[in-house]
Amino acid sequence: MNKKIGKITLANLGRDNPVFVQVLGICSTLAVTNVLKNTVVMSIGLVFVTGLSNVTVSVLRKQIPTRIRMMVSTLIIASYVILVDIVLKAYLPDVSRQLGPYVGLIITNCIIMGRAEAFALNNKPLLSFADGISSGIGYSYVLLIIAFFRELMGSGTIWGVTVLGSWWVKWSIMVMAPGAFFMLAVFIWLVKGVIIKDAEVAK
Amino acid sequence: MNDKKTTKQPLIRWLAPMKKVMWALSPALAASVYFFGWRVLIMFVVVNIFGFLSEYLFAKHYNEQVSSSVFVTNFLFVMIIPPTLPYWMAVVGIVFAVVFGKMVFGGFGKNIFNPALTGRAFIYVTFASYMTGRWAEPVQGFFGGLVKYTPDAITSATVLSTGENIGTTFYISALTGNIPGSTGETSAILLLIGGIYLVMQKVASRTIVIWTLTGMLVTQGLLFYTGTAGNFDLIASVLSGGFMLGLFFMATDPVSAPKDETAKIFYGLFIGVMTPVIRTFSVWPEGMMFAILLANMFGPLMDMGAKELKKRQKSKQMKAA
Amino acid sequence: MEKKSKTAFRIRMVLFMFSVTFVFVVILSFVHLYTRSLVTRNENLFLKRSVLYSAGLSVPESAEELDNFFSENITESQGTGEYPHYISKNNGIVVYTVNGAGLWGVITAHVGFDSQTGKMTGIDFVKHNETPGLGARIDEDWFREQFRGKKGPFTYVPEGEEANENQFDAITGATGTSKAVKDIVNKATAVYNATEKSE
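One line per chain: the protein sequences are A, B and C, in this order. Going by my numbering, the first sequence opens with residue 976, and the numbers climb by one from there. Going by my numbering, the second sequence opens with residue 97, and the numbers climb by one from there. Going by my numbering, the third sequence opens with residue 3, and the numbers climb by one from there.
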């Protein structure tokens, strides 16, 4: 069991990474990665929602009639997203104001639905939980790397603190959505060209 | 493919039309040295080195030749950036132009967008204040920029963004190139000569040139005489903002323009109509650049549409016969 | 026989969906009710801070002090016109709530005026959807602070340039938003002038 969890986790972080291999969740990658802070909150929200919705779907998997499984998963996911939204509004009002509509957008993140559909419906709760969490983390670290460079280049800051002085000319395209396209493209290019390619050759 | 690898090939593949384009551009470039000082020449060298290097690295990786088109890209790129742009920004622009504008699509002949314009659009959005707010006034006097490294006077606006002082003096200055603007786009007359040479040599498509000009004049005329375009009359709009450069050297780029003659008409019209519309209504004054990039995007579609149209006509004729 | 089982299956589906929905709705409603007072309180505090900020008054840190200070100094008024505003009795400051079209959506702002001099005491953006990193920089301190003590109608100059009494520094790369802000402060100025004259 433990071995299996480890294997799933590793796959989700690397070879089957939801962002740079399956190319899922791109919408939010473009939307929230211009500032690190937003990205972290988005990532935490996503890890939370994927983990819990995977468990819930997995627990109910034998009861859910196949025909309406999508409806049920959507309902479950939506409930958790609303939960995140309410908690943010109540306890972290500033962050909630900054993220605005993005929290609601977690629900449209294909990673969650994809994991529920492809994994949780056929696996035991604990395993599904591990899969959900690791998928979320696999998504998060890619986003954090992109956000790090976008914030650094676009605003000259990291976590809102000015790192690059006034000599730095801000690359304003980096804080716009197209900047994320280029960053993501370069990232996928590097990863697939250098890391994954080696793995495939070794196979 | 295999014997291609074994036989030693020259590093650069020279294509005759590309050479002609460069010849046609040279006078305007020389004029800009006269107007903006020797820095332009250094910029030209820097851009060429980095443009060549980015293509060379890719070409080496895929075991291909460097096509001479990269020098045309370099040439055009220098012409469309402000003469006082910091060197490193120009480097960012040209590397982006070659890598993201051309090589990621599979190299020469496969790019959707005009590489030089892609690079310019990138730095235009990225370093907006450098690209739109710092223009050099041409150096005055008999020797002009020949005794200067770079012009002293910086103005924050071109005629395209202010729309002021349009009159005979401006027409003459714009014709000769004695106005602030991008390095190579200011001297309309030299560009015109170069452009006509290209059209005569059949390097640039006559269809595109004619229809772009038509679309532009009609739309601009409409906007001007209804009062929407301010005091931007027909002559001023043709002479300024790199319209000449775009018309002869970029809209006619054989790779990113459609191949079909009918499609070329639509392509030219599209650019011609969009340029004044973007100039007048958007926050970005550089209508020509965006119009060409947009048209590039629809180029393949226009080709397909034209082909489909011909097929239908043919089948109709067959039926009739 | 077969038909019956099909109906049974359908009914089971509906019942299942219904019960799952029911359970989740109950849970969510519970959480919502539990946090509702906290959420409205947060929003209320935010609004009060914003009004005080744009009135140019000091904003107390703690929630309790803020409440006291606000109720002591500010009265809310629907006013004569369509613009709700807040009045600070002691200092003669009026704060208007003004809407304007931003680049992506409506921008709502509090704009404060000193009724003795007619100068602005400050501005704060309550709600906007501007591009993060570009237009959203209207939330930055330097941008909001620059309006204090200035008088409309306004025009703007490029970011980093010296602005005089009727000008403000625009945001580089966000011409649309800068224009929207210009319209909003000018609208607020017009509203202020109109109400001042009528009163």
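Positions of the beta carbon are idealized from the N, C-alpha and C atoms, including for glycine. The structure presented is a predicted model; accordingly, all values stated were derived computationally and were not measured.
Cβ distance (whole Å) where residue i is taken to contact residue j below 8 angstroms
| i | j | result |
| --- | --- | --- |
| P182 (chain B) | V194 (chain B) | That pair is no contact at about 19 angstroms. |
| V187 (chain B) | V142 (chain B) | 7 angstroms |
| S278 (chain B) | M384 (chain B) | With a Cβ gap of about 11 angstroms, S278 (chain B) and M384 (chain B) do not count as contacting. |
| V100 (chain C) | I186 (chain C) | 6 angstroms |
| G154 (chain C) | T191 (chain C) | 3 angstroms |
| G273 (chain B) | S283 (chain B) | 3 angstroms |
Contact set between residue i and chain C, taken where Cβ atoms lie within less than 7 angstroms
| i | result |
| --- | --- |
| I1057 (chain A) | L30 |
| M1158 (chain A) | Simply none; closest approach about 13 angstroms. |
| R1042 (chain A) | M15 |
| P1068 (chain A) | N44 and F48 |
7 angstroms Cβ cut-off: residues of chain A touching residue i
| i | result |
| --- | --- |
| T37 (chain C) | I1061 and A1065 |
| L40 (chain C) | A1065 |
| V183 (chain C) | Those do not exist, as V183 (chain C) stays about 18 angstroms from chain A at its closest Cβ, beyond 7 angstroms. |
Assigned exposure category for residue i - 16 Cβ within 10 Å defines buried
| i | result |
| --- | --- |
| S333 (chain B) | buried |
| M97 (chain B) | Low local confidence applies: a pLDDT of 38 at M97 (chain B) is under 50, so the model's placement there is unreliable, and no value is given. |
| H157 (chain B) | exposed |
| K1178 (chain A) | For K1178 (chain A), the pLDDT reaches just 45, beneath the cut-off of 50, and the residue's location in the model is therefore unreliable, although a value from the coordinates is still provided. The residue in question, K1178 (chain A), is exposed, as its Cβ has fewer than 16 Cβ neighbours within 10 Å. |
| K982 (chain A) | exposed |
| K407 (chain B) | exposed |
| Q118 (chain C) | exposed |
| E45 (chain C) | exposed |
| F20 (chain C) | exposed |
| I318 (chain B) | The sequence given here has Leu at residue 318 (chain B), not Ile. Classification of L318 (chain B): exposed, given that the 10 Å Cβ count is below 16. |
| S153 (chain B) | Just to set this straight, residue 153 (chain B) is Leu in the shown sequence, not Ser. So L153 (chain B) counts as exposed. |
| F131 (chain B) | buried |
| P357 (chain B) | In the sequence on display, residue 357 (chain B) carries Glu and not Pro. Under this definition E357 (chain B) is an exposed residue. |
| V22 (chain C) | buried |
| Y98 (chain C) | buried |
| Y1055 (chain A) | buried |
| F218 (chain B) | buried |
| G202 (chain B) | exposed |
| K100 (chain B) | Low local confidence applies: a pLDDT of 43 at K100 (chain B) is under 50, so the model's placement there is unreliable, with the coordinate-based value given in what follows. The residue in question, K100 (chain B), is exposed, as its Cβ has fewer than 16 Cβ neighbours within 10 Å. |
| M393 (chain B) | exposed |
| P247 (chain B) | buried |
Residue span of the beta strand (DSSP E) that contains residue i, given as start and end
| i | result |
| --- | --- |
| Y88 (chain C) | H87 to S90 |
| E78 (chain C) | I76 to S79 |
| A103 (chain C) | I95 to A103 |
| K206 (chain B) | Looking at the DSSP string, K206 (chain B) is not in any beta strand (DSSP E), and its letter there is neither H nor E. |
| Y158 (chain C) | T157 to V159 |
| Q316 (chain B) | No beta strand (DSSP E) holds Q316 (chain B); the alpha helix (DSSP H) holding it covers R302 to Y321. |
| A57 (chain C) | Here A57 (chain C) belongs to no beta strand (DSSP E), and DSSP marks it neither H nor E. |
| V128 (chain C) | M122 to K129 |
| A111 (chain C) | V108 to D116 |
Neighbour list for residue i in chain B, Cβ cutoff strictly below 9 angstroms
| i | result |
| --- | --- |
| V1169 (chain A) | By Cβ distance, chain B contributes nothing, its closest Cβ being about 13 angstroms from V1169 (chain A), past 9 angstroms. |
Where residue i meets chain B, residues with beta-carbon distance less than 7 angstroms
| i | result |
| --- | --- |
| V1144 (chain A) | F223 |
8 angstroms Cβ cut-off: residues of chain A touching residue i
| i | result |
| --- | --- |
| F218 (chain B) | I1148 |
| F26 (chain C) | L1050, I1051 and S1054 |
| T23 (chain C) | L1050 |
Host alpha helix (DSSP H) of residue i (start-end)
| i | result |
| --- | --- |
| M139 (chain B) | R135 to H157 |
| G401 (chain B) | G383 to A416 |
Candidates the options, of which the one nearest residue i by Cα
| i | options | result |
| --- | --- | --- |
| L68 (chain C) | C:A57, C:S56, C:R51 and C:E78 | C:R51 |
| S1115 (chain A) | A:T1008, A:A1006, A:A1065 and A:S1018 | A:S1018 |
| A1152 (chain A) | A:R1125, A:R1090, A:N992 and A:W1143 | A:R1125 |
| T310 (chain B) | B:Y321, B:G364 and B:F344 | B:G364 |
| P381 (chain B) | B:A155, B:I331 and B:M227 | B:M227 |
| G951 (chain A) | A:I1052, A:T1083 and A:M1128 | For chain A, the structure presents residues 976 to 1178; residue 951 (chain A) sits outside this window and is missing. |
| N159 (chain B) | B:V166, B:E151 and B:L330 | B:E151 |
| I423 (chain B) | B:F167, B:W134 and B:K116 | Residue 423 (chain B) falls outside the range modelled here, since chain B spans only 97 to 417, and no answer is possible. |
| F140 (chain B) | B:V162, B:G189 and B:P372 | B:G189 |
| R1042 (chain A) | C:T77, C:F11 and C:V61 | C:F11 |
| G395 (chain B) | B:F366, B:K116, B:P372 and B:Q409 | B:F366 |
| S56 (chain C) | C:E74, C:I89 and C:S39 | C:I89 |
| A1093 (chain A) | A:F1162, A:M1045 and A:I980 | A:M1045 |
| N166 (chain C) | C:F32, C:T174, C:R150 and C:K181 | C:R150 |
| I1057 (chain A) | C:E63, C:H34 and C:V128 | C:H34 |
| F48 (chain C) | C:S79, C:R139 and C:H112 | C:H112 |
Distance cut-off 7 angstroms: residue i Cβ against heavy atoms of the ligand ZN
| i | result |
| --- | --- |
| G1079 (chain A) | By its list of ligands, the structure shown contains no ligand whatsoever, and the ligand ZN lies outside what it can speak to. |
Contacts that residue i makes with chain C (C-beta to C-beta distance below 9 angstroms)
| i | result |
| --- | --- |
| R1036 (chain A) | Within 9 angstroms Cβ-Cβ: nothing; R1036 (chain A) doesn't reach chain C, min ~13 angstroms. |
Amino acids of chain A, ordered along the chain, whose beta-carbon sits closer than 9 angstroms to that of residue i
| i | result |
| --- | --- |
| H87 (chain C) | Per Cβ cutoff of 9 angstroms: no residues; H87 (chain C) is ~23 angstroms from chain A at best. |
| H112 (chain C) | None at all; the shortest Cβ gap to chain A is about 15 angstroms. |
| T77 (chain C) | By Cβ distance, chain A contributes nothing, its closest Cβ being about 25 angstroms from T77 (chain C), past 9 angstroms. |
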